[in-house]
Amino acid sequence: MADSGVKSATDESPRAANRGGATQGSAPVRAEVSNYDIVSHYFELAADRLDVPDDVRAVLRSAYREVQVQIPIELSDGRLHVFSGYRVQHNGARGPYKGGVRYHPEVDLDEVRALASLMTWKTAITGIPFGGAKGGINVPASDCTTAELQQITRSFIDKIDKVLGPTRDIPAPDVNTNAQTMAWMMDEYGKLHGHTPAIVTGKPISLEGSFGREAATGRGLVYLYEEAAPDLGLTPESTRVVVQGYGNVGSWAARIIGDLGATLVGASDQHGAIRSERGIDPHALAAHAKEGGRLPDFQADGVEPISADELLALECEVFVPAALGGMIHEANADSIRCRMLIEGANSPTTPAADRILLDKGVTIIPDVMANAGGVVVSYFEWVQNLQHFRWDEDEVNARLSKIMRQAYAEVSARQAEEDTPLRVAAYETGIERVLDAARTRGYI
Ligand code: NAD
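Numbering-wise, the sequence shown is residues 386 to 829 according to my numbering.
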């Protein structure tokens, strides 16, 4: 491996405090290894195999532009607080920068960098004409009022609007941001530049959002489950599912795979976890969460609260990490008892955990491919906005299905040919496509 400053994959003492915020039982701590270390490790592994020269690798590894802005806000108690906002544009060789904006107290430049580079490989693997970007604000969104969130969002857009644009950089939702956040962003950008719906994706349906966007990431995970399941002899009826992080991605994946016939046997959120051998109704659980209910408070026959560690150890066929990065690490990977791990979250699995799971024979469908459904339907939303035209949900889902299944076919063919894990084959595919575009343009 080239000297990349990447931490040893085994250098993973769990963090002292659960920075994910779980309060019940001995909740899983996130690994010390950062999202940036995780993404860099996988990038370098694939770049080594592709023999990417060091000088070219330096261009691909670093971001094209990194913007950090100050967001001073008067809180409802009258105090002034300064948050930091970030937008990192990693690589634009294949098209305008594209990526979500995350609101979380732990957001920092390193994390946003890592997530931006993941977007570069993700858009390339799925073949959609975007580069990679990500944004974030280190705000504890759940402690803010709606008015504060609106003020913070508008201030962020005012400060980064020069680097945004429907042919430059198009934000979208991520952790703790949603269609409402995107509506505020579109409105603020519109004040400065005129009505421009294609400036953000993940908007509400009433404001030129796309049908199918909200469920797209979870739906994409299920399409890839359908592609991979036959090789493991799995049918939906024989599939028990555990979801870590029952938010947008996790709850949609659970509902859609549940509708196919699979059984949800465990789920968690930042407050704790629940299980039921007989199965949990994924729709009722999603309704409970949407109303603001904490998962451990969900009441139904046969459902019992468990600790977050116990959730990891539940026997199942499919485990879906859909919370935050670094949640599956060296100290807890061995307790996982699934046959397929489908990464809904970005960077949920550290390199050491990845090796442990692969050694146990677990099929890992990696984040760079598995959770691309959101950006694919964001691409559809952008296309519809540019045409001022709208597709119905069936059309959106059919097009999403085609792109996700094609990406899986290409990456799994490479995996078989090179006898390498899916993750390595996926990164190789993404890096090759970005390199090709960058060279053809004359960037490198
Ligand atoms: P979300 O905010 O809707 O859901 C996150 C869920 O994780 C919440 O239920 C939260 O309570 C839970 N959580 C937080 N800390 C936890 C902990 N310590 N233990 C268990 N659960 C915990 O966010 P989302 O949009 O569903 O995103 C989830 C993950 O998927 C993120 O890593 C995000 O980057 C990734 N992702 C999202 C999209 C998208 O379209 N929303 C697309 C690609 C990837």
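For glycine and all other residues, C-beta sits at the position ideal for the given N, C-alpha and C. Keep in mind that this is a model prediction, so the values were computed, not measured.
(1) Measure from the alpha carbon of residue 577 to the alpha carbon of each residue in 587, 553 and 547, then state which is nearest.
(2) When you compare the CB of residue 718 with every CB in chain D, is at least one pair closer than 8 Å?
(3) With DSSP collapsed to three states, give me the class of residue 560.
(4) Which one of 511, 603, 471 and 810 has the shortest CA to CA distance from residue 494?
(5) Check the DSSP bridge columns for residue 505 and list the partner residues they point to.
(6) Can you give me the C-alpha to C-alpha distance between residue 631 and residue 829, rounded to a whole angstrom?
(7) In the DSSP assignment, find the beta strand (DSSP E) that holds residue 800 and state where it starts and stops.
(8) Taking the continuous alpha helix (DSSP H) assigned at residue 754, which residues delimit it?
(9) Entirely within the stretch 593–631 and at least 3 residues each: give me those beta strand (DSSP E) ranges in chain order.
(10) In chain order, which continuous runs of the alpha helix (DSSP H) of length 4 or greater are located wholly inside the stretch 507–566?
(11) Please state whether DSSP places residue 479 in a helix, a strand or coil.
(12) Return yes when at least one heavy atom of ligand 1 lies under 7 Å from the C-beta of residue 565, else no.
(13) Report the three-state DSSP secondary structure of residue 460 (helix, strand or coil).
(14) Compute the minimum distance between the beta carbon of residue 602 and the heavy atoms of ligand 1, and state whether it is under 7 Å.
(15) Using the Cα positions of residue 510 and residue 669, report the straight-line distance between them to the nearest angstrom.
(16) Tell me the rounded alpha-carbon separation between residue 636 and residue 491.
(17) May I have the straight-line CA-CA distance separating residue 685 from residue 626, to the nearest angstrom?
(18) In the structure shown, what three-state DSSP assignment does residue 654 receive?
(19) Tell me the DSSP secondary structure of residue 492 in three-state form.
(20) Who does residue 423 pair with in a DSSP beta bridge?
(21) Among 561, 558 and 585, which residue has its Cα nearest to the Cα of residue 571?
(22) Could you tell me the boundaries of the alpha helix (DSSP H) in which residue 809 lies?
Well, looking at it:
(1) Residue mapping note: residue 577 aligns to position 192 of the sequence shown, counting from 1. Taking only the C-alpha atoms, the option nearest residue 577 is 547.
(2) Any reference to chain D falls outside this structure, which holds one protein chain only.
(3) Position 175 of the sequence shown, counted from the first residue, corresponds to residue 560. Residue 560: coil per DSSP, three-state reduction.
(4) In the sequence shown, residue 494 corresponds to position 109, counting from 1. When each option's Cα is compared against that of residue 494, the closest is 471.
(5) Here residue 505 is taken as the residue at index 120 of the sequence shown, counted from 1. According to DSSP, residue 505 bridges with nothing at all.
(6) Translated into positions along the sequence shown, residue 631 becomes position 246. Translated into positions along the sequence shown, residue 829 becomes position 444. Answer to the nearest angstrom: the Cα atoms are 42 Å apart.
(7) The residue you call residue 800 lines up with position 415 of the sequence shown. No beta strand (DSSP E) holds residue 800; the alpha helix (DSSP H) holding it covers 778–803.
(8) As a working note, residue 754 is residue 369 in the sequence shown. 752–755 is the extent of the alpha helix (DSSP H) around residue 754.
(9) 625–629
(10) 531–545
(11) The residue labelled residue 479 in the question sits at position 94 within the sequence shown. Of the three classes helix, strand and coil, the one that applies to residue 479 here is coil, per DSSP.
(12) Mapped onto the sequence shown, residue 565 falls at position 180. Residue 565: no, Cβ never under 7 Å from ligand 1.
(13) As a working note, residue 460 is residue 75 in the sequence shown. Reduced to three states, the DSSP call for residue 460 is coil.
(14) As a position in the sequence shown, residue 602 is number 217, starting the count at 1. Yes; taking the cut-off as 7 Å, the Cβ of residue 602 has a heavy atom of ligand 1 nearer than that.
(15) Looking up residue 510 in the sequence shown gives position 125. Looking up residue 669 in the sequence shown gives position 284. Distance between the alpha carbons of residue 510 and residue 669 is about 34 Å.
(16) Working through the sequence shown from its first residue, we reach residue 636 at position 251. Working through the sequence shown from its first residue, we reach residue 491 at position 106. Whole-angstrom Cα-Cα distance: 23 Å.
(17) The residue you call residue 685 lines up with position 300 of the sequence shown. The residue you call residue 626 lines up with position 241 of the sequence shown. So the alpha carbons of these two residues sit roughly 18 Å apart.
(18) As a position in the sequence shown, residue 654 is number 269, starting the count at 1. Residue 654 falls in the strand class under three-state DSSP.
(19) The residue given as residue 492 occupies position 107 in the sequence shown. Here residue 492 sits in coil by DSSP.
(20) For this step, residue 423 is matched to residue 38 along the sequence shown. Bridge partners of residue 423: none, in fact.
(21) Translated into positions along the sequence shown, residue 571 becomes position 186. Nearest of 561, 558 and 585 to residue 571, Cα basis: 585.
(22) Numbered from its first residue, the sequence shown carries residue 809 at position 424. It spans 807–826 - the alpha helix (DSSP H) in which residue 809 sits, taken as one unbroken run.
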